[in-house]
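Please read the structure below before turning to the comments.
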Amino acid sequence: MSYQHRVDLIPSPPIQTRVYPVLIAVGFLIVLAALVIGVALAATASDVFDNTKAVRDAALPGSSLLSDQSGLAAVPLWVQPFTFLGIGFLIAGIFTVFWGLLRSLREARGAAMLEAVPALLLQPTGEPKGGE
Amino acid sequence: MATTSETLFGGRTVLARPEATTMQKVARYMWVPMLLMGLMVIAASVVIGITNAAAASDYFGLPQAVRGAADAPASVIDDRQFIESTNVWLPGLQLLGIGLILSAITFSLASILGVFRAGGVRLQQALGREAQSLTPPITARLFPMLMMMGLMVLIVNLVIAAIIGGLAWDVYGNSIAEINAAPEGSALLDDLGTVNTYKTWLAPLPFIGIAMILVGISFAVHTILQVIRFQGQRIRELAQAGAGK
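Note that the protein sequences, when read in sequence, are chains B and R.
So that you can map any letter, position 77 of the first sequence is 100 in the numbering used here, and since no number is skipped, the others follow by simple counting.
So that you can map any letter, position 7 of the second sequence is 88 in the numbering used here, and since no number is skipped, the others follow by simple counting.
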């Protein structure tokens, strides 16, 4: 008995199996990028909070301190939706692979069962065989 | 030695008994406790969130002059302490709950794989044929690891958030006037800086854990897809062998 796969007996893998890795890679990279932005923002926060409240409040327009405070307030506002975009890609990847699973159930296993089960029912059954 | 193709997509092996793997057996019993723990954590988060909302309502129901005064009443300081501290660690707890529920899904998928494995062997043995099965492809080896790593990230995040939450509790144990007047180089200003610095990366960190678990789920579904394709091949092989082709 051959232990090689007989891919000639079933259709080639559905396209979804090639699409979903792209979606999950993009999703994971977005979530990772959000963490990197968070870490970079931590350095900004550290710079800002090294100053007293009086110094922070007195920061002049165009100063790096005011710019840092602005960044600290603004960046998290888009980083969170950006993170959810990544999670969205990951869930889209899961949906895509489920779609591929559905196609495989129908086109590979379902079609094979439809064709093979009547033939198998007509065959005499032997003694159960196991392996090593 | 397994070829690259067998490592990636799974090879073939002959099984003596219709048994799931150890991981699949564990998964069969683990998905219920994981789901229950996740739901309990989420329910606890809701209760804590409601308590936090009540504290915020009390706190912001007072005029700014009372909240910001150096001699603010102890109850006002307590409310602020609770709000600021809870805001640091509650998101981590909520996402741990979601992570546990997603892990329950991963365990259910592993359990489904176990049913396919045992069922395939039973069917082949009932037909009196050699009971072949798919050896675990790389996706099957990776998804339990991704789930565990994801949960570890979520737990580590919660531990760090709890520590920073404790620090926030200390900082906001002072009145707003004292916090605002903290001089440069003081421990109070340092602690305030630490709380605000950690908060910037503690927000996205648990999403890395969630992302790992989601990648694991996609790998688990892909493994089921590969098993389905293998079973399609095997059924046709059995029919052809019986027909003498």
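We put the beta carbon where it would ideally sit given N, CA and C, even for glycine.
Range of the contiguous beta strand (DSSP E) that encloses residue i
{"i": "residue 214(R)", "result": "213-215"}
Contacts around residue i, its chain only, beta-carbon distance under 6 Å, and the 5 residues preceding and following it disregarded
{"i": "residue 155(B)", "result": "Here the model assigns residue 155(B) a pLDDT of 40, short of 50, so the residue's position is not dependable, and the following value carries that caveat. For residue 155(B), where only same-chain residues beyond five positions count, there are no Cβ hits under 6 Å."}
{"i": "residue 270(R)", "result": "263"}
{"i": "residue 173(R)", "result": "238, 239, 242, 287"}
{"i": "residue 112(B)", "result": "46, 49, 50"}
{"i": "residue 314(R)", "result": "none"}
{"i": "residue 88(B)", "result": "82"}
{"i": "residue 228(R)", "result": "184, 187, 294, 297"}
Candidates the options, of which the one nearest residue i by Cα
{"i": "residue 119(R)", "options": "300(R), 234(R), 185(R), 321(R)", "result": "185(R)"}
{"i": "residue 141(R)", "options": "156(R), 238(R), 275(R)", "result": "156(R)"}
{"i": "residue 291(R)", "options": "194(R), 195(R), 177(R)", "result": "177(R)"}
{"i": "residue 100(R)", "options": "136(R), 126(R), 196(R)", "result": "196(R)"}
{"i": "residue 307(R)", "options": "117(B), 123(B), 52(B)", "result": "123(B)"}
{"i": "residue 53(B)", "options": "106(B), 127(B), 146(B)", "result": "106(B)"}
{"i": "residue 267(R)", "options": "35(B), 76(B), 49(B), 30(B)", "result": "76(B)"}
{"i": "residue 94(B)", "options": "146(B), 29(B), 68(B)", "result": "68(B)"}
{"i": "residue 204(R)", "options": "312(R), 86(R), 121(R), 84(R)", "result": "312(R)"}
{"i": "residue 293(R)", "options": "183(R), 255(R), 192(R), 273(R)", "result": "183(R)"}
{"i": "residue 30(B)", "options": "141(B), 137(B), 132(B)", "result": "132(B)"}
{"i": "residue 327(R)", "options": "108(R), 98(R), 86(R), 85(R)", "result": "Beyond the ends of chain R as shown, which are 82 and 326, falls residue 327(R); an answer cannot be given."}
{"i": "residue 151(R)", "options": "126(R), 189(R), 259(R)", "result": "259(R)"}
{"i": "residue 256(R)", "options": "146(R), 320(R), 84(R)", "result": "146(R)"}
Residue i, enclosing alpha helix (DSSP H) - first and last residue
{"i": "residue 261(R)", "result": "257-261"}
{"i": "residue 82(B)", "result": "First-last for residue 82(B): undefined, no H or E at that position."}
{"i": "residue 30(B)", "result": "Counting along the chain, residue 30(B) falls outside any alpha helix (DSSP H), and DSSP gives it neither H nor E."}
{"i": "residue 198(R)", "result": "155-207"}
{"i": "residue 43(B)", "result": "39-72"}
{"i": "residue 108(B)", "result": "87-127"}
{"i": "residue 218(R)", "result": "Unbroken run through residue 218(R): none, as it is neither H nor E."}
{"i": "residue 142(B)", "result": "134-145"}
Own chain, CB closer than 7 Å to residue i, minus 5 neighbours either side, in chain order
{"i": "residue 317(R)", "result": "none"}
{"i": "residue 95(R)", "result": "211, 212, 213"}
{"i": "residue 310(R)", "result": "none"}
{"i": "residue 249(R)", "result": "165, 166, 169, 276"}
{"i": "residue 129(R)", "result": "167, 171"}
{"i": "residue 56(B)", "result": "none"}
{"i": "residue 235(R)", "result": "176, 177, 180, 287, 290"}
{"i": "residue 192(R)", "result": "105, 108, 109, 112"}
Cβ-heavy atom distance, residue i to the ligand COA, below 7 Å
{"i": "residue 216(R)", "result": "Among the components of this structure there are no ligands whatsoever, and the ligand COA is therefore not found."}
Same chain only: Cβ atoms within 8 Å of residue i, ignoring 5 sequence neighbours per side
{"i": "residue 120(B)", "result": "39, 40, 43"}
{"i": "residue 280(R)", "result": "169, 245"}
{"i": "residue 223(R)", "result": "297, 300"}
{"i": "residue 189(R)", "result": "108, 112"}
Item to complete: Scan the segment 96-148 of chain R and note each continuous alpha helix (DSSP H) run of 4 residues or more that stays entirely inside, going in chain order.
Response: 103-141
Worksheet entry | Stretch pair the segment 278-289 of chain R + the segment 49-67 of chain B: three plus CB contacts closer than 8 Å | yes
Discussion item. Under 8 Å: do the segment 216-226 of chain R and the segment 91-99 of chain R share three or more Cβ pairs, one atom per stretch?
Written reply: yes
Item to complete: Identify every run of the alpha helix (DSSP H) within the segment 236-320 of chain R, keeping only runs that are complete inside it and at least 4 residues long; order them along the chain.
Response: 257-261, 268-283
Worksheet item: Using 8 Å as the Cβ pair cut-off and three pairs as the minimum, do the segment 41-48 of chain B and the segment 112-130 of chain B touch?
Response: yes
Worksheet entry | Touching by the beta-carbon criterion (3+ pairs, under 8 Å), the segment 107-127 of chain R and the segment 199-206 of chain R | no
Worksheet item: If you pair each beta-carbon of the segment 294-301 of chain R with each one of the segment 79-96 of chain B, do three or more pairs fall below 8 Å?
Response: no
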